[in-house]
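What follows is a short report on a single structure.
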Amino acid sequence: MTFHNQSDLLRSSEEADVYWARLLESGGVVSLDTEWARHSGLRESATSPTDPSQSIYQVDIFHALHCMNAIRQMLMSPTPPPYNEIHMLHCLDYIRHELLCHPDLTLVTTNDLEEFVLDEAHKCKDYGAMLGWVERHRWKEFPEWLRSKDTLRQ
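Each residue of the sequence shown is one higher than the one before, counting from 1 in the UniProt record's numbering.
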């Protein structure tokens, strides 16, 4: 994959908001057969409230993307939504951990010894394949479950 400057997707705009809403739509929350998860070496996770044979997990990239979007909204909005400083610091720390855990070792070039270009080819995981897997295993009741949980808090 070649990186391109797409900073317009980070600005405060309807186009950017739509992009981020689509990116985060599923939340990456999946429902997996508990026995399959155990045999695959996954740690135990919460049991699905809608199917006791299933366990609920989140594909980690969605947590990092949630954090990126929260930071984007705080930085770019002319009237930022109220934010929790502890949550923002958590998000920065989480993204730091992600970068340290999955460093991109692509060597990028420079023409002037000051700026390094973004257009080198990077070796990336197949994001589309991951999204397909998430869609096939998505906990479809998650949005409704979240809404009902929020209603009970009020």
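Each residue gets a CB set at the ideal place from its N, CA and C atoms; glycine is no exception. Keep in mind it's a predicted model, so treat the numbers as computed, not measured.
Pull the bridge partners of residue i from the DSSP assignment, please.
i	result
Phe116	Thr110
Gln6	None, per the DSSP bridge assignment.
Ile56	Ser31
Arg96	Answer by DSSP bridge pairing: none, since Arg96 is not bridged.
Ala121	Thr2
Thr47	Ser55
Apart from the five residues on each side of it in sequence, which residues of its chain come closer than 6 Å, Cβ to Cβ, to residue i?
i	result
Arg11	Met76
Tyr83	Met74
Between residue i and the rest of its own chain, which residues show a CB-CB distance below 8 Å, the 5 nearest in sequence each way excluded?
i	result
Leu9	Glu15, Ala16, Tyr19, Trp20
Ser148	none
residue 182	Nothing in the structure corresponds to residue 182, since the chain is present only between 1 and 154.
Among the options, whose alpha-carbon lies nearest the alpha-carbon of residue i?
i	options	result
Pro103	Ile71, Leu113, Ile95	Ile95
residue 209	Thr79, Leu107, Arg38, Met68	The displayed coordinates of the chain run from 1 to 154. Any statement about residue 209 would go beyond what the structure contains.
His122	Leu107, Leu113, Phe116, Arg136	Leu107
Met130	Gly28, Met1, Leu100, Asn5	Gly28
Thr79	Tyr127, Cys101, Ser13, Cys91	Ser13
Glu25	Arg43, Glu135, Glu120	Glu135
Ile56	Glu85, Arg22, Leu42	Leu42
Val30	Glu44, Ala46, Gln58	Gln58
His63	Asp93, Asn84, Tyr83	Asp93
If you follow the beta strand (DSSP E) that residue i is in, where does it begin and where does it stop?
i	result
Val29	29 to 33
What residues in its chain sit with their C-beta under 7 Å from that of residue i, if we drop five residues either side in the sequence?
i	result
Leu113	none
Ile61	Gly28
Leu65	Leu23, Leu24
His137	Val30, Ser31, Leu32
Trp139	Val29, Val30, Ser31, Ser48, Ile56
List the whole-angstrom C-beta distance separating residue i from residue j, where the pair is believed to meet the contact cut-off of C-beta under 8 Å.
i	j	result
Ser48	Asp33	Their Cβ separation, rounded to whole angstroms, is 10 Å, which puts Ser48 and Asp33 out of contact at 8 Å.
Glu141	Thr50	5 Å
Asn5	Leu118	6 Å
Ala70	Cys91	6 Å
Glu120	Thr109	7 Å
Where does the unbroken alpha helix (DSSP H) through residue i begin, and where does it stop?
i	result
Met130	127 to 137
Glu15	14 to 23
Asn69	61 to 76
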